[in-house]
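Numbering (UniProt numbering), first residue to last: 1 to 444.
Note that beta-carbon positions come from the ideal geometry of N, C-alpha and C, so glycine has one too.
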Amino acid sequence: MAFDRHFSIGLAWRLTAVALTLWALVYSFERADLVATKLLAAVIAAIAIWALWSYVRRTNVELARFIEAVTHGDLSQGFSSHRHGGGFDALGQQLDSAMRRLREERAQAADAGRFNAALVDEAPVALLVIDGERVELANRAARKLFGRTEAVRIADYAPHGADFVAALEGSSRRIAAIEIDGRPQRAVLTGAEIHRLGHPLRLLTVQPLHGELDAVEIAAQADLVRVLTHEIMNSMTPVASLAQSAAGLMAEIETDDPRIAPQISDARLAVSTLARRAEGIMHFVEGYRAFIRTPTIRARRFPAGPWAEEMQRLFAATAEGQEAELAISIVPADMVLDGDPDLMAQAVLNLLKNGAEAAIAAGRAPRLKLSLGLIAGGRSSIMLSDNGPGIAPDQAGDIFLPFFTTKAKGTGVGLSLVRRIVTAHGGTITIRPSDAGACIEMIL
1 MAFDRHFSIG LAWRLTAVAL TLWALVYSFE RADLVATKLL AAVIAAIAIW
51 ALWSYVRRTN VELARFIEAV THGDLSQGFS SHRHGGGFDA LGQQLDSAMR
101 RLREERAQAA DAGRFNAALV DEAPVALLVI DGERVELANR AARKLFGRTE
151 AVRIADYAPH GADFVAALEG SSRRIAAIEI DGRPQRAVLT GAEIHRLGHP
201 LRLLTVQPLH GELDAVEIAA QADLVRVLTH EIMNSMTPVA SLAQSAAGLM
251 AEIETDDPRI APQISDARLA VSTLARRAEG IMHFVEGYRA FIRTPTIRAR
301 RFPAGPWAEE MQRLFAATAE GQEAELAISI VPADMVLDGD PDLMAQAVLN
351 LLKNGAEAAI AAGRAPRLKL SLGLIAGGRS SIMLSDNGPG IAPDQAGDIF
401 LPFFTTKAKG TGVGLSLVRR IVTAHGGTIT IRPSDAGACI EMIL
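Dropping the structure here:
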């Protein structure tokens with residue numbers, strides 16, 4: 001290195017100067033008549049020693065300043081200098097080069113840290129870091145899911161269920177029921193042991209499955225309905241056509257002959273009944289084609305108040321709505337919904353119609369309530385309740401299935417379509433506990 005060569009040369013001649021002046025000083029002390037020489041040799045020796053000390057110290061100072069700057073994280077220091085000579089400019093350039101590399105590595109580390117932080121924060125799975133008894137919500141999904149922004153103790157999560165607390169204390173993978181905003185949800189809980197700065201921690205991921213399971217189930221139901229409707233329509237179309245043709249032919253061969261007239265009349269009646277029944281089945285199957293079509297969501301933000309008032313007017317124009325009393329509650333009053341207003345209206349009107357029909361079937365004057373509000377995580381809740389007989393516990397898990405109905409003339413399409421609309425919005429629909437009547441909540 002240039003610094004080594006220049007420094008060695010500078011050090012060598014300074015050492016030589018010190019040695020020569022010291023030799024002259026020793027020699028002058030042996031001669032009593034060289035008083036002036038003694039004094040001059042002493043001064044020159046002192047200057048040579050000071051020059052040597054300064055030369056060596058300058059290197060130590062620069063290195064010490066470099067080490068101190070690195071120790072305190074001050075990477076803005078500069079060491080280049082062309083004033084000292086003796087290779088110190090080369091030393092300064094090398095130290096500056098080291099500083100630049102450290103600055104680049106620090107910038108890269110900071111950039112990687114920001115990237116990792118953004119990656120964790122934007123992860124769709126809720127991440128919780130457990131340090132002893134304290135729980136830290138590590139990303140946006142966790143803060144949205146649990147509605148907390150500060151680290152809390154494990155015991156504070158007891159309202160979310162015993163399974164969730166057990167997952168916070170362990171490191172196994174499980175599918176468990178957890179309570180979110182008072183609503184049970186199934187979620188995959190996965191725990192792992194990690195270390196941060198040598199300190200052991202536990203990481204828990206929480207992935208709710210409700211929406212994903214709904215979407216998969218609805219897709220499977222749609223595939224099943226698509227196959228069934230295709231096969232039924234293929235089978236019933238020729239049956240209906242032939243039955244209608246046979247009814248027409250039977251009408252043409254009617255006779256007054258008392259021996260065969262009754263038989264021909266009975267046959268014509270049977271064929272006509274068969275034709276009507278075939279048409280009824282085809283009409284029934286046609287209704288399910290609306291279910292297998294995936295709703296196209298045209299989402300936008302719109303005020304909840306005017307939308308709810310429109311729901312009230314539309315419902316009042318129906319046969320069930322003319323006999324019903326509908327109360328509307330919106331909290332906060334300036335609430336804004338985010339979704340497809342037309343599809344959401346279709347779902348709400350369907351639920352209002354079902355609630356009114358249930359109350360009328362029970363011999364009661366329908367009293368309905370439509371409640372809109374905000375819940376934790378910035379989500380919207382649309383809740384509908386009625387004063388009907390309610391939903392039997394053994395039917396609660398089936399009412400949103402296609403083909404399932406409790407009405408004598410029901411098709412089982414309405415509530416299935418409601419669930420499909422809600423799921424297409426990325427939401428959930430559940431039956432809420434109620435002291436009187438049914439209560440259904442949509443969360444978007």
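Tell me whether residue i is buried or exposed, calling it buried when 16 or more other Cβ atoms sit within 10 Å of its Cβ.
{"i": "E320", "result": "buried"}
{"i": "L145", "result": "buried"}
{"i": "Y336", "result": "Note on identity: in this sequence residue 336 is Val, with Tyr being the wrong assignment. That one is exposed."}
{"i": "D435", "result": "exposed"}
{"i": "P366", "result": "buried"}
{"i": "Q263", "result": "exposed"}
{"i": "H425", "result": "buried"}
{"i": "I399", "result": "buried"}
{"i": "R268", "result": "buried"}
{"i": "V271", "result": "buried"}
{"i": "T423", "result": "buried"}
{"i": "G363", "result": "exposed"}
{"i": "Q108", "result": "exposed"}
{"i": "T237", "result": "exposed"}
{"i": "P433", "result": "exposed"}
{"i": "G191", "result": "buried"}
{"i": "Q185", "result": "buried"}
{"i": "G355", "result": "buried"}
{"i": "R416", "result": "Contrary to the premise, residue 416 reads as Ser rather than Arg in this sequence. With 16 or more other Cβ atoms within 10 Å, it is buried."}
{"i": "G248", "result": "exposed"}
{"i": "L197", "result": "exposed"}
Round the Cβ separation of residue i and residue j to the nearest angstrom and send it over; I've been treating them as touching at under 8 Å.
{"i": "V26", "j": "A48", "result": "About 14 Å; that fails the 8 Å criterion."}
{"i": "W307", "j": "P341", "result": "6 Å"}
{"i": "R419", "j": "I429", "result": "5 Å"}
{"i": "I375", "j": "I443", "result": "7 Å"}
{"i": "A240", "j": "A278", "result": "4 Å"}
{"i": "F164", "j": "A176", "result": "7 Å"}
{"i": "N139", "j": "V120", "result": "5 Å"}
{"i": "T21", "j": "A36", "result": "Their Cβ separation, rounded to whole angstroms, is 15 Å, which puts T21 and A36 out of contact at 8 Å."}
{"i": "G339", "j": "A299", "result": "5 Å"}
{"i": "I391", "j": "A438", "result": "5 Å"}
For residue i, which residues in the same chain have their Cβ closer than 8 Å to its Cβ, ignoring the five residues on either side in sequence?
{"i": "L15", "result": "L52"}
{"i": "G378", "result": "K144"}
For the alpha helix (DSSP H) containing residue i, name the first residue and the last one.
{"i": "I423", "result": "Note that residue 423 corresponds to Thr in the displayed sequence, not to Ile. Counting along the chain, the alpha helix (DSSP H) containing T423 begins and ends at G414 to A424."}
{"i": "A167", "result": "A162 to E169"}
{"i": "V348", "result": "P341 to A361"}
{"i": "L368", "result": "Taken as a continuous stretch (DSSP letters only), L368 belongs to no alpha helix (DSSP H), being part of the beta strand (DSSP E) at R367 to I375."}
{"i": "M335", "result": "Unbroken run through M335: none, as it is neither H nor E."}
Leaving aside the five residues before and after residue i along the sequence, list all residues of the same chain whose C-beta is less than 6 Å from its C-beta, in chain order.
{"i": "A142", "result": "A126, L127 and L128"}
{"i": "R83", "result": "Annotation note: pLDDT 48 at R83 (below 50); position unreliable, coordinate value reported separately. Answer for R83: no residue qualifies."}
{"i": "I194", "result": "L201 and L203"}
{"i": "I297", "result": "D340 and A424"}
{"i": "R174", "result": "L189"}
Once you ignore the five residues that flank residue i on each side, which residues in its own chain have a CB closer than 7 Å to its CB?
{"i": "Q322", "result": "A316"}
{"i": "Q207", "result": "V125, A187 and V188"}
{"i": "Q312", "result": "L326 and I328"}
{"i": "G427", "result": "M442, I443 and L444"}
{"i": "T273", "result": "none"}
{"i": "E318", "result": "Residue identity check: residue 318 is Thr in the sequence provided, not Glu. Excluding positions up to five away in sequence, the list reads K353."}
{"i": "P159", "result": "E179"}
{"i": "E169", "result": "I154"}
{"i": "A275", "result": "A240, A243, Q244 and A247"}
{"i": "A167", "result": "R174, A176, L189, G191 and L204"}
From which residue to which residue does the beta strand (DSSP E) around residue i run?
{"i": "R134", "result": "R134 to L137"}
{"i": "Q207", "result": "H199 to P208"}
{"i": "R143", "result": "Premise fails: R143 lies in the alpha helix (DSSP H), R140 to F146, not in any beta strand (DSSP E)."}
{"i": "A126", "result": "A126 to D131"}
{"i": "P306", "result": "Here P306 belongs to no beta strand (DSSP E); instead the alpha helix (DSSP H) covers A304 to A316."}
{"i": "S434", "result": "Per DSSP, S434 belongs to no beta strand (DSSP E) and is neither H nor E."}
{"i": "L384", "result": "R379 to S385"}
### the segment 367-376 touching the segment 340-355, judged by at least three CB pairs closer than 8 Å
yes
### Query
With contact counted as at least three CB pairs below 8 Å, one residue from each stretch, are the segment 192-207 and the segment 119-139 in contact?
With three or more CB-CB distances shorter than 8 Å, the segment 192-207 counts as touching the segment 119-139.
### Query
Hey, is the segment 353-360 in contact with the segment 376-396, meaning 3+ C-beta pairs nearer than 8 Å?
Inter-segment contact for the segment 353-360 and the segment 376-396 is present: three or more beta-carbon pairs are separated by less than 8 Å.
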